[in-house]
Structure formats: C-alpha cells, structure tokens
C-alpha cells in the first residue's frame, strides 16, 4: 500500500467512528434500555445496519471466493430473500415487537418456561462467540495481506475498534456506524466491478466463465448431500435467514429501535433489495476474478485471500483505492462485531444476570450498574473472540461456509422453538422443552459428525498449469457432478447433508418431537395461551372461522 492508501484508511475509519458516536449522543438516552436497544432511528439506517450485521467481511471475502472455486449457484439466495423476509415481517415480528422485549429470549419464558429461555440464551452466547471468531478472522486475513502486518495485530485492532463503538455509544452508535460502513462497502464493491469492466477484456472474461463451467445454475437434483442445489439454497437458505432475522437477538434488537411496528416491518422488507444487490455484486466480482485468472490461478495461503489479492494485483495502481478497499473490509468486520457485542449485552443482562439475581433473592440491577456492565461486556467478549479467531486460522474452509454452518446449527433449534411458540398453540411447555433439547442434539450431532468424518466440498476445476499447453474439459469430467460417499454404514450418508440444511434439521426435529411429545403428554394440553404470544396470522384465521360459523 502507498502512503495515500494509509491516509485514506485512517481518515475514513476515524470519520466513520466519530460519526457513529456523535450521532448516538445527539439525543440523550433515557435509561439503560435505550443504551442497549437504541430508539427513534430512521428505517434506512436500521435496515442498512441489519444488513451489514450479517453481510460482514465474511460474505465480502466469502461470496466471491465461493463463486470462484465452486460456481455461482449461490445466486439462488435471491429467491430465498423474497420468500424469507416477508415471513419474518408478517408472521414473527409482530409478536416480539408488540411485547417490547429487551431480549428476544424473554419470549420463551412467557410462552413456555425459564428453562427454554436459559438454554436459548446460552445457545446465542455460543453463537456469537463462534461467529465473532470467524468475523474477526476474515478481515484480519485480508488486512494482514494488504498492510503487510502480522495477523494477530490485525485481529487486535479490529476487535478493539468494534468494542470501542459499543462501549462509547451503545446500540445507537453501532447502528449509525454500521449504516455508514454499509455505504462504504457497497461503494467499494461497485467500484471494483466498474474498474474491472474498464480495465479488463469483458468478452474474454465471459468466454472464460463459460469455458470454466462457472455459468452453471441449473442444479435441480433433490439429493440433500449436494452442497449447493436450487433446493438446498432456497429451502435450506430460507431456514437460515429465518433463524437469523426472525429468532436472533442481533436482528430483533435493531427492529425494536423503530417507533412503530410498520416501521420495523419496513426495515425487514428493505433487506430484500439490499441483500439482493449485494449478492448480485459479489457474484459478479467472483465471476470477474475467475475470468481474469482462468488461465493461471494464483497460489494463496487461504482461499479467503482471493479478493484482496485481486485488488492488489489489478488495482493497486489507482491512487487511494487499496486504502478504500481496506476500509471496506474493516467496516464489514467491525459492523458485524459491533452488532454481536451490542446484542450480547442485552442477552447477558436480561437472560443470565437478572434471572440469577432473582434465584438468589438479590436486589435487581439499577440503571447505573446496567450501563457499566454494558460498557465492560464488549471488551470481555472481544478478548474471547481474539483467542477463538486464532483457532480459525487452522481450519481449511471458506469463511462463508463456516459462518452459515454456525448460524444453521445454533439457530435452527431456536427457530424451531420459536415456530412452536408462535404458530403451534397446541404445544405446551414440557413438550416444547423436550423438543428443544432433542433438536439441539440432532443439530449439533449432524455438524460434529460431518466435521469428524472430514466432509469437504469438491471444487470445480481450476487451471494451475500456468503457461502450458495443457487443456482440460470440465464438461466431460464426471467427478464434478458426483457426490462422494463416506465408507461404512449406509446411515452415515446422513452426515453428508449440505450445510445449508443444518437449520432445517433443528426446525424439523423440533416440530416433529414437539407435536409428538404433546400428543403423549396430555396433562397440560388444556392450558390457554395468551393471544399476544401467538402470530397474528392465527388471529386472522380464527376470526375467519368464527365469521364462517356465524354465517
């Protein structure tokens, strides 16, 4: 990087940080809840913040690499967005929003029991610890390459900046900063596409993409072991998105900052065009990079270094652009970390500390103590994340798959319990608790089994025979169209299930066990459920039934 790149990097990061903290303090927070949740935010700011919370450096680096190595099937996510986000907005969000809960998992105690709430809170803490590790590792790999510094230094800087935002300004600082960072990310990625189109031979890129089998989108085989098929991405992806945006504290906390339910629903629906545009840009970048390096694939320490390598190789001659790209990576990483730190505050206080104080008959926390914990907790979480991020460096996997595996394994059982709560009033607390525990075992067992048996994807062919006359016909090589099998008992084939289905494993197990257990445990089946804890679509259905009966 040139001196101008460092100037761009430092100046922009300081400006964005100052913007977020100053905006967060433009209105005084009335209490600790405002510090955690935020209040009176614009719909676009919150929508961009929600989007950035999961876009992050993981997808910024992961999506282009995924397309480069495995093809553009991931574009099927676009259909899944259109299915999943309206379900979030109109089926699930009205319940949690109208209850005005600080922690999403308080719902489980209201609907079922404290055991379910505590387990869900513990799962969320596990999720953010694991996800933070990946979210820290992803930008650190890129930044260490761009700045030529040790990866540990990059990890420390990223974690420190994210913790500072939340400790200094609370949830509002995180939302404002994430929204500004999202604009930087989109701008940088759009410029990469534009500059590539200007500098590279687009006709050659298109030809190379077609020759390299990177235009293949028609994978409709129903085999659940196929890593990316239309079915796994649309149906499995819908489960993951519902787990992230309907039953996850990181998202729900931001929805609660909106003054009305309609505004919160608008935030959710705005994520459709936001995510669709970002996905499209990432896929285009991945195809461009493949078209450029089709004849000679660069040798990298990690597959996740592909995009930074491309920018340094092809765009470092543009003054300040490498610095701007570094800003985008840092912004993507910090926006995610600040979201997890802020949401972790709410869960630790409301779902762990407060219940423990009640159990031991100790006085509740006052506002001053709550705010102190909220400022200290992000620092402690950052320290844990730093240690786990170093572990990620030994895992030979695309960060995108790691992240979605975490979301599916942890989020699936929670989503399943949430569906039982809002859509199946027949199921009561004992059956729900049994279903929750068994779904967790099934979900984690699937992922651990896949890891233990070293289930890895078969990448499409790449030409590593640079400057030779060697030719290779992918279309005629059947290896790239097959599913490899695990030796041994046929039942172990289940462990080859696509990671895209991990969330559905938890959901389906929870529903089947919950409904079955309730049929067996009939003692509490007559207990009434508060209508506020049920989805409005059930209210509408019941109202229509009453009208039909009266007529």
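In this note's numbering, the protein residues as written are 63 to 613. Virtual Cβ for every residue (Gly too), placed ideally from N, Cα, C.
The alpha-carbon of residue 571 is positioned some 7 Å away from that of residue 504.
DSSP places residue 505 inside the alpha helix (DSSP H), whose first and last residues are 491 to 514. Between residue 191 and residue 477 the beta-carbon gap is near 19 Å, outside 8 Å, which marks them as no contact. With the rule of 3 Cβ pairs closer than 8 Å, the stretch 150 to 169 counts as touching the stretch 311 to 326. Excluding five sequence positions before and after residue 344, the CB atoms of its chain that fall closer than 6 Å to its own CB belong to 125, 126, given in chain order. Annotated as distal: residue 261 and residue 353, with beta-carbon spacing of 8 Å or more.
Annotation note: the stretch 157 to 192 contains the following uninterrupted alpha helix (DSSP H) runs of length 4 or greater, listed N- to C-terminal: 168 to 173. With respect to residue 418, residue 194 sits apart: the two C-beta atoms are not nearer than 8 Å. The straight-line gap separating the alpha-carbon atoms of residue 586 and residue 486 is approximately 14 Å. Less than 8 Å divides the Cβ of residue 495 from the Cβ of residue 175. Burial is judged here by how many other beta carbons sit within 10 angstroms of a residue's own beta carbon; residue 375 has fewer than 16 and is exposed. Nearest Cα to residue 222 within the set 75, 584, 590: 75. DSSP, reduced to helix, strand and coil, places residue 590 outside both helices and strands of the structure shown, so it counts as coil. Sequence-distant Cβ neighbours of residue 435 in its own chain, meaning closer than 8 Å and more than five residues away, are 407, 410, 411, 415, 427.
With a cut-off of 8 Å on Cβ pairs, the stretch 140 to 154 is not in contact with the stretch 362 to 371, counting fewer than three such pairs.
Contact between the stretch 559 to 574 and the stretch 134 to 144 is absent, with fewer than three C-beta pairs closer than 8 Å. Distance between residue 368 and residue 257, taken at the CA atoms: about 17 Å.
Cβ contact annotation for residue 470 (same chain, cutoff 6 Å, sequence separation greater than five): 302, 564, 565, in chain order.
Three or more beta-carbon pairs separated by less than 8 Å are not found between the stretch 278 to 285 and the stretch 371 to 387, which leaves the two stretches without contact. Out of 575, 589, 497, 197, the CA that lies nearest to the CA of residue 366 is found in 197. Cβ contact annotation for residue 309 (same chain, cutoff 6 Å, sequence separation greater than five): 476, 477, 480, in chain order. Residue 424 sits in coil when the DSSP states are folded into three classes, being neither helix nor strand. In this structure residue 461 is not in contact with residue 246, their Cβ atoms being roughly 20 Å apart against a cut-off of 8 Å. Of the other Cβ atoms in all chains shown, 16 or more fall within 10 Å of the Cβ of residue 135; this residue is therefore buried. The closest CA to that of residue 156, considering only 171, 561, 326, 340, is found on 326.
Annotated three-state conformation of residue 367 is helix, per DSSP. Judged by DSSP in its simplified three-state form, residue 275 adopts coil rather than helix or strand.
Boundaries of the alpha helix (DSSP H) harbouring residue 300: 299 to 307, taken from the DSSP string.
Across the structure, residue 187 and residue 463 are spaced so that their CA atoms are roughly 20 Å apart.
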